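> Residue numbers (UniProt numbering): 1 to 193. Positions of the beta carbon are idealized from the N, C-alpha and C atoms, including for glycine. For clarity, every value in this text was computed on a predicted model and none was experimentally measured. Take this structure first; my questions come after.
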């Protein structure tokens with residue numbers, strides 16, 4: 001009897017925890033949808049967030065390097081921290097230019113990834129040949145589309161990618177939350193009997 005009550009109590013706590021995971025997923029989905037409507041604002045927000053993360057990471061790295069000043073990696077830590085701080089300052093002061101640079105970088109990644117997937121799928125012809133071919137073609141097409149509209153659409157591209165990432169991460173958390181609640185219910189019912 002005591003074991004059954006303990007199992008029910010722990011199961012109820014796990015269900016609440018999974019509910020919080022699902023709630024966070026809903027927040028991320030809403031943020032992603034808002035970002036897709038206001039992609040320019042999402043781009044600016046993501047660039048400023050990225051700049052501040054670089055700046056804070058550089059500051060923490062510099063403090064860590066100072067604490068390890070007797071080691072062989074002191075100067076490497078100082079240089080990496082200084083580069084992070086400098087990049088953070090540039091991104092914060094010039095978010096539009098940073099968005100243009102990151103958009104170009106993303107386009108080149110899509111292009112090269114698409115070409116490698118296309119060529120790899122044609123050369124290897126493995127069991128996932130069709131999917132790899134489609135992925136490669138999609139990456140190549142996406143890279144070309146981003147490059148054709150660069151730099152004018154740079155203010156929208158990063159925000160769109162950022163918002164889509166929030167949206168899909170949120171959907172994943174919602175699925176995890178509801179699935180976790182269901183599994184906890186099934187397991188706790190079996191253990192309680």
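1. Could you check the C-alpha separation between residue 112 and residue 149 for me, to the nearest Å?
2. Who are the Cβ neighbours of residue 89 in its own chain at under 8 Å, not counting the five residues just before and after it?
3. Can you tell me which of the three DSSP states residue 75 falls into?
4. Note down, in chain order, each residue of its chain lying with its Cβ closer than 8 Å to the Cβ of residue 41, except the 5 sequence neighbours on either side.
5. From residue 121 to residue 133, what distance separates their C-alpha atoms?
6. In this structure, does DSSP put residue 59 in helix, strand or coil?
7. Taking Cβ to Cβ, would you say residue 145 is nearer than 7 Å to residue 29?
8. Is it right to say residue 179 is buried, meaning 16 or more other beta carbons lie within 10 angstroms of its own, or is it exposed?
9. Within 10 angstroms of the Cβ of residue 170, are there 16 or more other Cβ atoms? Answer buried if so, exposed if not.
10. I need the straight-line Cα distance from residue 143 to residue 109, nearest angstrom please.
11. Are the beta-carbon atoms belonging to residue 181 and residue 18 less than 7 Å from one another?
12. Can you round the beta-carbon distance between residue 173 and residue 24 to whole angstroms, since I take them to be within the 8 Å contact cut?
13. On the three-state DSSP scale, how would you describe residue 126?
14. Within 10 angstroms of its Cβ, does residue 123 collect 16 or more other Cβ (buried), or is it exposed?
15. With 16 as the cutoff for other CB atoms within 10 Å, does residue 100 come out buried or exposed?
16. Thinking C-alpha only, which one of 165, 82 and 44 is nearest residue 197?
17. Are the beta-carbon atoms of residue 141 and residue 107 separated by less than 7 Å?
18. Apart from the five residues on each side of it in sequence, which residues of its chain come closer than 7 Å, Cβ to Cβ, to residue 104?
19. Checking 7 Å against the spacing of the C-beta atoms, do residue 65 and residue 77 come in under that value?
20. Counting only runs of 4+ residues fully inside the region 108-153, write out the alpha helix (DSSP H) ranges in chain order.
Once the coordinates are examined:
1. Taking the first residue of the chain shown as position 1, residue 112 is located at position 112. Taking the first residue of the chain shown as position 1, residue 149 is located at position 149. Going from the Cα of residue 112 to the Cα of residue 149 covers about 18 Å.
2. Against the chain shown, residue 89 aligns to sequence position 89. Here the set comprises 51 and 55.
3. Sequence index remark: in the chain shown, residue 75 carries index 75 (1-based). The answer is helix: DSSP assigns residue 75 an H, G or I state.
4. Here residue 41 corresponds to residue number 41 of the chain shown, with the count starting at 1. Once the five neighbours on either side are set aside, the close Cβ partners of residue 41 are 35 and 159.
5. Counted from its first residue, the chain shown places residue 121 at position 121. Counted from its first residue, the chain shown places residue 133 at position 133. Using only the alpha carbons, I get a separation of about 6 Å.
6. In the chain shown, residue 59 corresponds to position 59, counting from 1. The answer is helix: DSSP assigns residue 59 an H, G or I state.
7. Counting from 1 along the chain shown, the entry for residue 145 is found at position 145. Counting from 1 along the chain shown, the entry for residue 29 is found at position 29. In this structure, residue 29 does not lie closer than 7 Å to residue 145 by Cβ.
8. For the purposes of this step, residue 179 is taken as residue 179 along the chain shown, with counting starting at 1. The residue in question, residue 179, is exposed, as its Cβ has fewer than 16 Cβ neighbours within 10 Å.
9. If you number the chain shown from 1, residue 170 lands on position 170. Buried, by the Cβ-count rule.
10. Position 143 of the chain shown, counted from the start, is the residue given in the question as residue 143. Position 109 of the chain shown, counted from the start, is the residue given in the question as residue 109. If you take the alpha carbons of residue 143 and residue 109, they lie about 7 Å apart.
11. Counting from one through the chain shown, the residue named residue 181 turns up at place 181. Counting from one through the chain shown, the residue named residue 18 turns up at place 18. Their beta carbons are under 7 Å apart, which means residue 181 touches residue 18 by this criterion.
12. The residue you call residue 173 lines up with position 173 of the chain shown. The residue you call residue 24 lines up with position 24 of the chain shown. Indeed, because the Cβ distance is near 6 Å, the residues count as touching under 8 Å.
13. Along the chain shown, read from residue 1 onward, the residue named residue 126 stands at position 126. Three-state DSSP puts residue 126 in coil, outside helix and strand.
14. For the purposes of this step, residue 123 is taken as the residue at position 123 of the chain shown. Residue 123 should be labelled exposed.
15. On the chain shown, position 100 is the one that residue 100 refers to. By the neighbour-count rule (16 or more Cβ atoms within 10 Å), residue 100 is buried.
16. Limits of the chain in this structure are 1 at one end and 193 at the other, which puts residue 197 out of reach.
17. Sequence index remark: in the chain shown, residue 141 carries index 141 (1-based). Sequence index remark: in the chain shown, residue 107 carries index 107 (1-based). Not in contact: residue 141 and residue 107 (Cβ atoms no closer than 7 Å).
18. Position 104 of the chain shown, counting from 1, holds the residue named residue 104. The answer, listed in chain order, is 150.
19. Taking the chain shown and counting its residues from 1, one reaches residue 65 at position 65. Taking the chain shown and counting its residues from 1, one reaches residue 77 at position 77. Taking 7 Å as the Cβ cut-off, residue 65 and residue 77 qualify as a contacting pair.
20. 129-148
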